[in-house]
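There are 2 protein chains.
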Amino acid sequence: MSRRRQIYEGKAKILYEGPEPGTLVQYFKDDATAFNAQKKGQIAGKGVLNNRISEHIFKSLATIGVPTHFMRRLNMREQLIRQVEIVPIEVIVRNVAAGTLSKRLGIEEGTQLPRTIIEYCYKNDELGDPMVADEHIACFGWASQDEMNDIADMAIRINDFMCGMFSGIGIRLVDFKLEFGRLFDGDFSRIILADEISPDSCRLWDMKSNKKLDKDRFRQDLGDVAEAYQEIARRLGLLTNEDG
Amino acid sequence: MSRRRQIYEGKAKILYEGPEPGTLVQYFKDDATAFNAQKKGQIAGKGVLNNRISEHIFKSLATIGVPTHFMRRLNMREQLIRQVEIVPIEVIVRNVAAGTLSKRLGIEEGTQLPRTIIEYCYKNDELGDPMVADEHIACFGWASQDEMNDIADMAIRINDFMCGMFSGIGIRLVDFKLEFGRLFDGDFSRIILADEISPDSCRLWDMKSNKKLDKDRFRQDLGDVAEAYQEIARRLGLLTNEDG
Ligand SMILES: Nc1ncnc2c1ncn2[C@@H]1O[C@H](COP(=O)(O)OP(=O)(O)O)[C@@H](O)[C@H]1O
Ligand SMILES: Nc1ncnc2c1ncn2[C@@H]1O[C@H](COP(=O)(O)OP(=O)(O)O)[C@@H](O)[C@H]1O
Ligand SMILES: [Mg+2]
Ligand SMILES: [Mg+2]
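Here the protein sequences come in this chain order: A and B. Residues 87 to 330 in our numbering are what the first sequence spells out, letter by letter. Residues 87 to 330 in our numbering are what the second sequence spells out, letter by letter.
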């Protein structure tokens with residue numbers, strides 16, 4: 087890649103101007119943060135693995151008709167994506183109690199939820215990504231009601247698909263975070279899936295041992311962090327041949 | 087009142103067994119707490135004023151057809167109420183940004199909200215009454231979807247009425263907290279308004295001076311706390327004649 091303009095550097099990725107208008111290059115770093123960036127570190131090789139894993143999941147979702155920003159992988163750490171206007175809402179889908187749900191509501195980690203829960207958090211690091219309800223989102227115009235309906239529908243479909251995909255490789259999909267964005271087409275826009283889906287943004291537990299195979303190993307200093315990410319890529323069949 | 091069995095002692099009120107089955111006596115204390123009971127104190131005469139103010143508002147709401155637990159006032163500090171099974175959800179209605187909304191979402195206190203917001207918190211002191219979404223409420227069975235629909239509808243009607251009532255006496259209804267309960271009738275139950283509505287549970291600002299006339303004076307050590315409660319009772323016409 088020649089010199090490119092950097093658009094944004096986040097906690098885990100860098101966005102560069104893409105080769106054509108309306109495209110971006112998403113570069114995956116090894117940087118890891120937790121607890122609203124109070125804890126910082128590196129996970130060796132994470133960027134390479136997340137690039138591959140996210141590519142795999144986004145491509146799979148496209149096959150069931152979920153529109154995504156993913157265009158193609160460019161190299162080990164980069165993928166070409168469609169530029170969107172990010173909806174400033176983190177969409178959290180939960181099948182099993184863990185993390186902030188367990189802490190906030192006093193529900194033991196690992197408890198199967200009687201129903202899948204979707205939570206929305208306002209994406210704002212300064213405020214610590216506070217949880218909000220549909221009504222706050224409508225009130226402050228962060229997304230329209232139609233957009234929120236589309237987002238909720240897609241989140242459910244993505245959860246159904248990913249539950250199946252991970253159960254097929256012996257992994258329990260505890261919860262995960264999604265981001266969506268507006269893809270403009272003249273005066274109109276539609277909502278598509280953006281950002282990434284990886285062990286950074288999912289809680290993934292081995293079904294037999296309950297071993298955590300995700301960023302909680304970093305958050306909780308459980309060790310073998312890079313190995314957990316590798317294990318996910320391996321089970322997804324992404325480490326067998328480097329098909330570049 | 088002769089010796090009665092105490093059912094529950096809370097932060098601001100005591101519940102006693104009522105004279106007939108299905109009734110309770112609600113006794114209003116002068117005790118005040120804030121920040122999940124980390125701050126404790128007394129507001130002289132608060133119990134008497136809140137008993138009168140809550141009576142007035144509940145009776146007024148009954149006239150527009152909002153079903154409530156209120157039966158009649160018994161004396162200065164006590165009222166007879168219908169016993170309900172409390173829905174463990176605090177319903178917060180907000181017209182103007184203040185309190186936790188301002189803090190959590192970084193919106194300046196006093197900002198008029200473009201739309202009224204209803205928030206739900208799980209009533210659990212140990213967990214600090216965490217905010218929840220409709221989905222948590224359904225997931226954990228704290229209330230049914232039908233019940234939540236009834237609650238939201240009533241909350242809007244109560245807000246409409248109270249906005250009018252307070253604007254009539256030069257007061258801005260910033261936000262307030264409601265509790266609802268199930269009144270059983272054989273195998274069936276219906277949702278009615280319970281607990282209290284008073285300067286303990288509302289934010290009330292003088293329209294001209296923006297002076298706070300509610301429990302924030304206690305929370306924020308602004309002084310003249312009892313005087314603020316008196317001012318509300320006075321403007322509502324409740325201090326002119328002691329009509330028992
Ligand atoms: N298709 C896209 N178009 C524009 N922005 C995107 C797209 N996909 C993801 N983003 C944004 O790019 C950033 C990715 O970098 P990341 O390190 O995750 O940042 P952050 O620290 O803000 O979470 C995020 O802010 C995300 O919202
Ligand atoms: N009609 C009712 N029937 C049964 N319980 C009620 C009724 N109205 C209010 N309550 C409950 O009685 C208690 C009132 O006392 P309070 O001091 O406010 O308690 P708390 O500290 O739990 O908020 C509250 O827990 C409230 O939920
Ligand atoms: Mg991110
Ligand atoms: Mg109370």
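Glycine residues also receive a C-beta, built at the ideal position from the N, C-alpha and C atoms.
Anyone know if the C-beta pair for residue i and residue j falls short of 7 Å?
{"i": "F247(B)", "j": "I318(B)", "result": "no"}
{"i": "P216(A)", "j": "Y208(A)", "result": "yes"}
{"i": "D300(B)", "j": "L290(B)", "result": "yes"}
{"i": "K263(B)", "j": "S284(B)", "result": "no"}
{"i": "R190(B)", "j": "D261(B)", "result": "no"}
{"i": "L167(B)", "j": "F156(B)", "result": "Reading the sequence as shown, one finds Ile at residue 167(B) and not Leu. Cβ atoms of I167(B) and F156(B): closer than 7 Å."}
{"i": "R89(B)", "j": "Y102(B)", "result": "no"}
{"i": "G133(B)", "j": "D116(B)", "result": "yes"}
{"i": "A219(A)", "j": "A219(B)", "result": "yes"}
{"i": "R67(A)", "j": "C225(B)", "result": "Only positions 87 to 330 of chain A appear in this structure, which leaves residue 67(A) out of reach."}
{"i": "Y94(A)", "j": "E164(A)", "result": "no"}
{"i": "E221(B)", "j": "I100(A)", "result": "no"}
{"i": "V170(B)", "j": "R268(B)", "result": "yes"}
{"i": "A130(B)", "j": "F304(B)", "result": "no"}
{"i": "F266(B)", "j": "I257(B)", "result": "no"}
{"i": "V177(A)", "j": "A229(A)", "result": "no"}
{"i": "N122(B)", "j": "G214(B)", "result": "yes"}
{"i": "L259(A)", "j": "F252(A)", "result": "yes"}
{"i": "R138(B)", "j": "L279(B)", "result": "no"}
{"i": "T154(B)", "j": "L160(B)", "result": "no"}
{"i": "L187(A)", "j": "Y315(A)", "result": "no"}
{"i": "E282(B)", "j": "S140(B)", "result": "yes"}
{"i": "R321(B)", "j": "I255(B)", "result": "yes"}
Going by the DSSP bridge assignment, what does residue i pair with across the sheet?
{"i": "D302(A)", "result": "Its beta-bridge partners do not exist; DSSP assigns none."}
{"i": "F114(B)", "result": "K99(B)"}
{"i": "F46(A)", "result": "As shown, chain A starts at 87 and ends at 330. That puts residue 46(A) outside it, with no answer to give."}
{"i": "G127(A)", "result": "A118(A)"}
{"i": "T109(A)", "result": "R168(A)"}
{"i": "Y315(B)", "result": "Paired residue(s): none; Y315(B) is not in a bridge."}
{"i": "F156(A)", "result": "I167(A)"}
{"i": "E221(A)", "result": "None, per the DSSP bridge assignment."}
{"i": "I204(B)", "result": "V179(B)"}
{"i": "I257(B)", "result": "D292(B)"}
{"i": "N161(A)", "result": "E164(A)"}
{"i": "Q231(B)", "result": "The partner list for Q231(B) (beta bridge, DSSP) is empty, contrary to what the question assumes."}
Collect the residues with a C-beta less than 6 Å away from any heavy atom of ligand 1 and give them in sequence order along the chain.
-> Y94(A), G96(A), K97(A), A98(A), K99(A), L101(A), L110(A), H155(A), I167(A), R168(A), Q169(A), V170(A), I172(A), E265(A), G267(A), A280(A) and D281(A)
For the stretch 266–312 of chain A, which segments carrying the alpha helix (DSSP H) assignment without a break, of at least 4 residues, lie completely within its bounds, in sequence order?
-> 302–305
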